[in-house]
Amino acid sequence: MQSLSNRSKVVSDKPMTFMEKLYLPAILGGMWITFTHLFRKHNTLKYPEQTKAFAPVYRGMHVLKRDEQGRENCTACGLCAVACPAEAITMVANEREKGEEHLYREEKYAEIYEINMLRCIFCGLCEEACPKEAIFLTDRLVPTEYERADFIYGKDKLVESMDYRIDITDRQSTGKRTEK
Amino acid sequence: MLEKLILVGIIFTISLVIAMYATYFERKVAAWFQDRIGPDRAGPFGLLQPLADGVKMFLKEDFIPRNSDKWLFIMGPGIAMFTSLMTSTIIPWGPDIVTASGNIVLQVADFDIGILFILGVVSVGVYGIMIGGWASNNKFSLFGAIRASSQMISYELAMGISVITIVMMTGSLSLRDITEAQHGMNWNIFYQPLAFVIFFVCSLAELNRAPFDLAECESELIGGYHTEYGSMKLGFFLFAEYVGMFISSAVISILFFGGYNFPGMDMVEGNTLAVLGVVALFVKIFFFIFVIMWIRWTLPRFRFDQLMHLGWKTLIPLALINLLVTGLVIAFTSGWFN
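Chains as they are written, first to last, in my numbering: chain D, 1 to 180; chain V, 1001 to 1338.
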């Protein structure tokens, strides 16, 4: 059959020549190759001491953002839960009372907000769906746990604390939104 | 008598320590060949890694399968370890050490049949693998054991014949006589390169080392004869392999690379010569241990029919021809036909 790509090779089963039957030249050649590898630079990253920077588009553990005054952005609209293909997000909404204006930015807020990290596939659709710039996927990793229940993250783990703000300025989707 | 006992103790310790650190260097060498670092966490440069491995082995559950033959199952690793340690008795480690009360011979026992003793004991060593594989009562183990024993039978012949050429040249079976005959740089490798290649290939096969590790064969036999073993029994099997590597490197150095002889040895004498001789022998041993590891991390495993083909149809005829040519040359040079 005619070759269309000009790349196909005809497999040959011709008997080995005497030099090939000796094996030794090929063995020594192979040993030379491995020997040169003795002097190459190793590719190992000594992990706990050295870490590799994540790509800017890396999607890791979620964060629920607060605004500059420390008020939670989330209004419990539920769009993230709807967008979530893995059904990992649940929430219970509540109305903001008087005197809670410093806690929640709008009149409605999420009383309970849970993400099941075992269900989550880290696709980032919640971040895309969010109209309030409340949820972001960060470059943090979800740590291991012993119990399945411990992987259901509530607001205690998701909402950023005021003392330790999570920087998301170089996240891909933030730049687009903050222009508005 | 006492000095022999001390020597036995020292050699026993050295064999075990070298085998221990051979496991460490195997992993290091493998890592270097694969552009990695290798174990470096336990102690400085990972030097305590063998200890950590040993502790791990001891602390594992010592499990004996219900349907196995209990006593044979325990005997297997014991025989493997015992035989591989026993061969070190007749290795001449160096020239005599001169003391005021007479010479100390750096050899536990100088049998007249020297090299035959090694071949015999090494052949018993396969019983450890065979019994272990048989007693496990497991298909994979049995396959490993069968492979090990058939491989041993096929390669022992060529090995023996290539040793006979050396024996013919030296006129003695004693390893000390063979070493003494290679004074200075007068090594057997320059007279018998083919015998060396055959002997080296066969000793790789006897050791069950890659590319002849069909008895273990992780990818098809899941460990072969030691599939069912765990804890320190498994440790003994693996350890016996490394002790065997040390001993066979020593035998290769003695038969073909002059043992404790080194170029320029006539310029020193007495205890300096003894110390330098021991150092020279160990340098050669370490070099061959490295070469054996180097081969393991370079070559893929043989297929079983290829292994048999190489043993019976290539190595044995080659060894026989080599034997014949050596015999003829010896006959001509010593004037038998005049």
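For glycine and all other residues, C-beta sits at the position ideal for the given N, C-alpha and C.
Pick helix, strand or coil for V159/D, following the three-state DSSP scheme.
Taking the first sequence and counting its residues from 1, the one referred to as residue 159/D is at position 159. Strand at V159/D.
Anyone know if the C-beta pair for A1030/V and A1042/V falls short of 8 Å?
As a working note, residue 1030/V is residue 30 in the second sequence. As a working note, residue 1042/V is residue 42 in the second sequence. No; because the gap between Cβ atoms is not below 8 Å, this pair is not in contact.
Quick one: grab the DSSP three-state call for K108/D.
As a working note, residue 108/D is residue 108 in the first sequence. Correct three-state label for K108/D: strand.
Can you have a look at V1163/V and say buried or exposed, based on whether 16 or more other CB atoms are within 10 angstroms of its CB?
Taking the first residue of the second sequence as 1, we reach residue 1163/V at position 163. Answer is buried; the Cβ neighbour count reaches 16.
Three or more beta-carbon pairs under 8 Å between the stretch 79-87 of chain D and the stretch 115-135 of chain D, yes or no?
yes
Whole angstroms is fine: what's the gap from M1152/V's alpha carbon to S1123/V's?
Your numbering for residue 1152/V matches position 152 in the second sequence. Your numbering for residue 1123/V matches position 123 in the second sequence. If you take the alpha carbons of M1152/V and S1123/V, they lie about 7 Å apart.
Per DSSP, the bridge partner or partners of H1226/V
Translated into positions along the second sequence, residue 1226/V becomes position 226. Its beta-bridge partners do not exist; DSSP assigns none.
With a cut-off of 8 Å, does the C-beta of M19/D fall near any C-beta of chain V?
What you label residue 19/D is simply residue 19 of the first sequence in a count that begins at 1. By this cut-off, M19/D is not an interface position.
Going by beta carbon distance, what residues of the same chain come within less than 6 Å of D1305/V, once the five residues before and after it are set aside?
Position 305 of the second sequence, counting from 1, holds the residue named residue 1305/V. Taken in chain order, the list of residues that qualify is empty.
Neighbour flag for T51/D against chain V, beta carbons, 8 Å:
Taking the first residue of the first sequence as position 1, residue 51/D is located at position 51. No - not a single Cβ of chain V is within 8 Å of the one on T51/D.
Per the contact definition of three or more C-beta pairs closer than 8 Å, is the stretch 1083-1095 of chain V in contact with the stretch 1112-1128 of chain V?
yes
Starting from the Cα of S1174/V, find the closest Cα among P1263/V, F1143/V and V1251/V and give me that residue.
Taking the first residue of the second sequence as position 1, residue 1174/V is located at position 174. If we check each option's Cα against that of S1174/V, V1251/V comes out closest.
Nearest residue (CA-CA) to F54/D, options A149/D, R140/D and S161/D:
The residue given as residue 54/D occupies position 54 in the first sequence. Closest option to F54/D, Cα to Cα, is R140/D.
Rounded to whole angstroms, what's the CA-CA distance from G1264/V to E1003/V? Just pull it up for me.
Working through the second sequence from its first residue, we reach residue 1264/V at position 264. Working through the second sequence from its first residue, we reach residue 1003/V at position 3. So the alpha carbons of these two residues sit roughly 29 Å apart.
Per DSSP, which one or two residues make a beta bridge with E72/D?
Residue 72/D sits at position 72 when you count from the first residue of the first sequence. Its beta-bridge partners are R66/D and Y104/D.
Would you decide whether M16/D is buried or exposed? Buried here means 16 or more other CB atoms lie within 10 Å of its CB.
Locating residue 16/D in the first sequence gives position 16, where the first residue counts as 1. With fewer than 16 other Cβ atoms within 10 Å, it is exposed.
For T1165/V, is the classification buried or exposed, using 16 other Cβ atoms within 10 angstroms of its Cβ as the cut-off for buried?
In the second sequence, counting from the first residue as 1, residue 1165/V sits at position 165. Buried, since its Cβ has 16 or more Cβ neighbours within 10 Å.
Once you ignore the five residues that flank Y58/D on each side, which residues in its own chain have a CB closer than 7 Å to its CB?
Along the first sequence, read from residue 1 onward, the residue named residue 58/D stands at position 58. Around Y58/D: D139.
Determine the extent of the alpha helix (DSSP H) in which N1322/V is found, giving its start and end residues.
Here the question's residue 1322/V lines up with position 322 in the second sequence. Counting along the chain, the alpha helix (DSSP H) containing N1322/V begins and ends at I1316 to T1333.
Span of the beta strand (DSSP E) around N94/D
Along the first sequence, read from residue 1 onward, the residue named residue 94/D stands at position 94. N94/D -> beta strand (DSSP E) spans I89 to E95.
At least 3 beta-carbon pairs within less than 8 Å: the stretch 38-53 of chain D vs the stretch 96-109 of chain D:
no
Contacting residues, own chain, Cβ-Cβ under 6 Å from F1337/V (five flanking each side not counted)
Along the second sequence, one-based indexing puts residue 1337/V at 337. Here the set comprises nothing.
For the stretch 148-163 of chain D against the stretch 107-120 of chain D, do three or more pairs of beta-carbon atoms, one drawn from each stretch, fall closer than 8 Å, so that the two count as touching?
yes
Looking at N94/D: is its Cβ nearer than 8 Å to the Cβ of E107/D?
The residue given as residue 94/D occupies position 94 in the first sequence. The residue given as residue 107/D occupies position 107 in the first sequence. Contact: no.
Measure the CB-CB distance between Y1225/V and G1133/V and report whether it falls below 8 Å.
As a working mapping, residue 1225/V is identified with position 225 in the second sequence. As a working mapping, residue 1133/V is identified with position 133 in the second sequence. For Y1225/V and G1133/V, yes; Cβs fall inside 8 Å.
To the nearest angstrom, how far is the alpha carbon of I1222/V from that of N1067/V?
As a working note, residue 1222/V is residue 222 in the second sequence. As a working note, residue 1067/V is residue 67 in the second sequence. Taking the straight line joining both Cα atoms gives about 19 Å.
Suppose you measure from the CA of G1160/V to the CA of L1318/V; what does that come to, to the nearest Å?
For the purposes of this step, residue 1160/V is identified with residue 160 of the second sequence, where counting begins at 1. For the purposes of this step, residue 1318/V is identified with residue 318 of the second sequence, where counting begins at 1. Roughly 13 Å separates the two Cα atoms.
Pull up the DSSP beta-bridge partners for G1102/V, would you.
Your numbering for residue 1102/V matches position 102 in the second sequence. According to DSSP, G1102/V bridges with T1099/V.
Pick helix, strand or coil for K176/D, following the three-state DSSP scheme.
Position 176 of the first sequence, counted from the start, is the residue given in the question as residue 176/D. In this prediction, K176/D scores a pLDDT of 47, lower than 50, which makes its location untrustworthy; no coordinate-derived value is stated.
Considering only the alpha carbon of each residue, which of I1146/V, G1094/V and L1005/V lies closest to V1275/V?
Within the second sequence, the letter at position 275 stands for residue 1275/V. Minimum Cα distance to V1275/V is reached at G1094/V.
Label W1187/V either buried or exposed according to how many other C-beta atoms from any shown protein chain fall within 10 Å of its C-beta, with 16 as the threshold for buried.
Indexing the second sequence from 1 puts residue 1187/V at position 187. W1187/V comes out buried.
Straight-line Cα distance separating Q1049/V from P25/D
Residue 25/D sits at position 25 when you count from the first residue of the first sequence. Residue 1049/V sits at position 49 when you count from the first residue of the second sequence. Rounded to the nearest angstrom, the two C-alpha atoms are 36 Å apart.
Identify every run of the alpha helix (DSSP H) within the stretch 121-154 of chain D, keeping only runs that are complete inside it and at least 4 residues long; order them along the chain.
125-129
Of the choices G78/D, F136/D, Y164/D and T34/D, whose alpha-carbon is the least far from that of P56/D?
Residue mapping note: residue 56/D aligns to position 56 of the first sequence, counting from 1. Checked all of G78/D, F136/D, Y164/D and T34/D; the closest Cα to P56/D is F136/D.
Between D1062/V and S1231/V, which are expected to be in contact by the criterion C-beta below 8 Å, what is the C-beta distance as a whole number of angstroms?
As a first step, residue 1062/V is located in the second sequence; it is residue number 62 there, counting from the start. As a first step, residue 1231/V is located in the second sequence; it is residue number 231 there, counting from the start. Confirmed, Cβ separation roughly 4 Å.
Under 8 Å between C-beta atoms, does D1035/V make it to chain D?
Numbered from 1 along the second sequence, position 35 holds the residue referred to as residue 1035/V. Taking Cβ atoms only, chain D reaches closer than 8 Å to D1035/V, which makes this a yes.
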